[in-house]
Amino acid sequence: MRLYPLLSGEIRLANAFFVPPDGALGPYRAMLAQILRRDTAWAPVPVFLIEHPTQGPVLVDTGYARDAAGGVTRTMGRSSAILFDHRPYDLDALLARVGVQAADVRTVVMTHLHNDHIAGRERFPDATFVADRREWLAGDKGGNTLATGGYVPSMVRPITRREVIDYDGPRAQPLGPFQHTVDLFGDGTVTLISTPGHAPGHQSILVRLGGGPEVLLTGDAADLRSVVDKPARTTIMSSEEQFMDSLRRLHDYVAEHPQTVVIPGHDPGYWPSLAPVYGE
Ligand SMILES: [Zn+2]
């Protein structure tokens with residue numbers, strides 16, 4: 553079993569956007585820095601391909617749309633086109649390089665439904681999309697606050713093949729410091745971990761690769777590797793309290809499992825240090 557980190561594109565983020573200044577106005581100051589493109593870095597927009605022995609290719613998040621280069625407003629929504637600069641890459645070519653065609657993908661696990669994670673959904677028309685119940689609700693509804701502006705309902709609503717994860721349901725169980733996890737395929741390979749706070753139904757994913765290392769995909773519960781070691785809030789949060797609680801649990805898990813490969817959501821400095829493939 554293998555896991556490939558794939559760079560579906562890059563998004564230009566102000567450094568203040570990752571970890572905003574202290575104080576109640578910090579997130580708004582970070583947003584201003586973002587609007588003014590002050591002190592920015594190109595951050596990865598990752599997609600992860602898991603070669604699963606019985607489920608075939610499983611994808612985590614969808615990256616950019618095929619035609620994103622031709623019109624970010626249409627494919628990402630207006631707010632994302634104004635707030636961020638985008639560099640979409642050719643995900644089909646990246647998948648082909650590891651022997652996968654988009655049409656082969658049957659399962660897409662969504663960390664959450666913000667536009668930079670769901671924009672590539674049309675590439676996978678036959679896949680079932682897996683997300684937390686609260687995230688489906690938020691994505692279908694949208695909004696225009698700091699916390700809800702990242703959803704574009706016209707991207708989410710057309711997705712009809714949905715697996716709704718209920719972290720209070722019978723499949724949910726605790727795992728170490730995590731209160732709510734779900735063993736997606738029932739074989740221990742892909743464990744979904746409820747890590748709300750960046751988005752109301754955000755989930756991280758623990759992938760156990762058999763003989764290889766285990767890989768923890770934090771999603772946007774931790775944009776940067778450094779905040780797993782030293783928890784700090786971010787700019788876009790549906791709940792700061794939940795965000796910090798989720799991040800502390802990730803911190804505790806990693807402290808207890810130092811061999812785990814931790815891959816954060818959008819870390820420009822850390823991405824180049826990743827291996828092209830994990831597992832064998
Ligand atoms: Zn997000």
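Numbering (the numbering used here), first residue to last: 553 to 832.
Beta carbons: idealized from backbone N, C-alpha and C, even for Gly.
Predicted model only: the values in this text are computed from it and were never measured.
By alpha-carbon positions, which one of A671, V814 and E766 ends up nearest to T741?
On the sequence shown, position 189 is the one that residue 741 refers to. It is E766.
D637: first and last residue of the uninterrupted beta strand (DSSP E) it sits in
Your numbering for residue 637 matches position 85 in the sequence shown. Here the beta strand (DSSP E) through D637 covers D637 to P640.
What are the start and end residues of each continuous beta strand (DSSP E) run of 3 or more residues lying completely inside the segment 763-830, in chain order?
766-771 and 813-816
Tell whether a beta-carbon distance below 7 Å holds between G764 and Y822.
On the sequence shown, position 212 is the one that residue 764 refers to. On the sequence shown, position 270 is the one that residue 822 refers to. Cβ atoms of G764 and Y822: not closer than 7 Å.
Which term fits R589, buried or exposed, when burial requires 16 or more other beta carbons within 10 angstroms of its beta carbon?
Position 37 of the sequence shown holds residue 589. R589 is exposed by the Cβ-count criterion.
Any heavy atom of ligand 1 closer than 6 Å to the Cβ of D772?
Taking the first residue of the sequence shown as 1, we reach residue 772 at position 220. Indeed, a heavy atom of ligand 1 lies less than 6 Å from the Cβ.
In the DSSP assignment, find the beta strand (DSSP E) that holds V716 and state where it starts and stops.
Position 164 of the sequence shown, counted from the first residue, corresponds to residue 716. First-last of the beta strand (DSSP E) with V716: R714 to I717.
Confirm the yes/no value for this check: CB of H732, any heavy atom of ligand 1, distance under 6 Å.
Indexing the sequence shown from 1 puts residue 732 at position 180. Every heavy atom of ligand 1 is 6 Å or more from the Cβ of H732, so no.
Apply the 10 Å Cβ neighbour rule to Q725 and answer buried if 16 or more other Cβ atoms are within range, or exposed otherwise.
Your numbering for residue 725 matches position 173 in the sequence shown. Q725 should be labelled exposed.
Who does A566 pair with in a DSSP beta bridge?
For the purposes of this step, residue 566 is identified with residue 14 of the sequence shown, where counting begins at 1. For A566, which the question treats as bridged, DSSP gives the partners T592.
Leaving out the 5 sequence neighbours to the left and right, which residues in its chain are closer than 7 Å to A774 when beta-carbon positions are compared?
Taking the sequence shown and counting its residues from 1, one reaches residue 774 at position 222. Counting only Cβ-Cβ distances below 7 Å, and skipping sequence neighbours, we find V780, L799, L802, P816 and G817.
Using beta-carbon positions only, say whether D684 and R564 come within less than 7 Å of one another.
Here residue 684 refers to the residue found at position 132 of the sequence shown. Here residue 564 refers to the residue found at position 12 of the sequence shown. No; because the gap between Cβ atoms is not below 7 Å, this pair is not in contact.
Report yes or no: do three or more beta-carbon pairs, one from the segment 745-755 and one from the segment 660-680, lie closer than 8 Å?
Yes: the two stretches touch, three or more of their Cβ pairs being nearer than 8 Å.
Closest by CA to Q586, which one among F569, A633 and V652?
One-based indexing of the sequence shown puts residue 586 at position 34. The candidate whose alpha carbon is nearest that of Q586 is F569.
What is the residue span of the alpha helix (DSSP H) that H732 lies within?
Residue 732 sits at position 180 when you count from the first residue of the sequence shown. Element bounds for H732: not the alpha helix (DSSP H) but the beta strand (DSSP E), F730 to D735.
What is the rounded straight-line gap between the Cα of P820 and the Cα of G691?
Numbered from 1 along the sequence shown, position 268 holds the residue referred to as residue 820. Numbered from 1 along the sequence shown, position 139 holds the residue referred to as residue 691. Rounded to the nearest whole angstrom, the CA to CA distance from P820 to G691 is 26 Å.
For the beta strand (DSSP E) containing V571, list its first residue and its last residue.
The residue you call residue 571 lines up with position 19 of the sequence shown. Neither: V571 is in no beta strand (DSSP E) and is coded neither H nor E.
Check whether the segment 609-619 touches the segment 643-652, taking contact to mean three or more Cβ pairs, one atom from each stretch, closer than 8 Å.
Yes, they touch.
Span of the beta strand (DSSP E) holding G608?
The residue you call residue 608 lines up with position 56 of the sequence shown. G608 to V612 is the span of the beta strand (DSSP E), which, as asked, contains G608.
Have a look at the DSSP bridge pairing and note the partners of L561.
Counting from 1 along the sequence shown, the entry for residue 561 is found at position 9. Reading off the sequence shown, one finds Gly at residue 561, where the question assumed Leu. Answer is V597 and P640, bridged to G561.
Is it right to say G702 is buried, meaning 16 or more other beta carbons lie within 10 angstroms of its own, or is it exposed?
Walking along the sequence shown from the start, residue 702 turns up at place 150. That one is buried.
Quick check on L647: does DSSP put it in helix, strand or coil?
Looking up residue 647 in the sequence shown gives position 95. Note: L647 maps to helix in three-state DSSP.
Can you grab the Cα-Cα spacing for the pair P748 / Y719, in whole Å?
On the sequence shown, position 196 is the one that residue 748 refers to. On the sequence shown, position 167 is the one that residue 719 refers to. For P748 and Y719, the distance between alpha carbons rounds to 11 Å.
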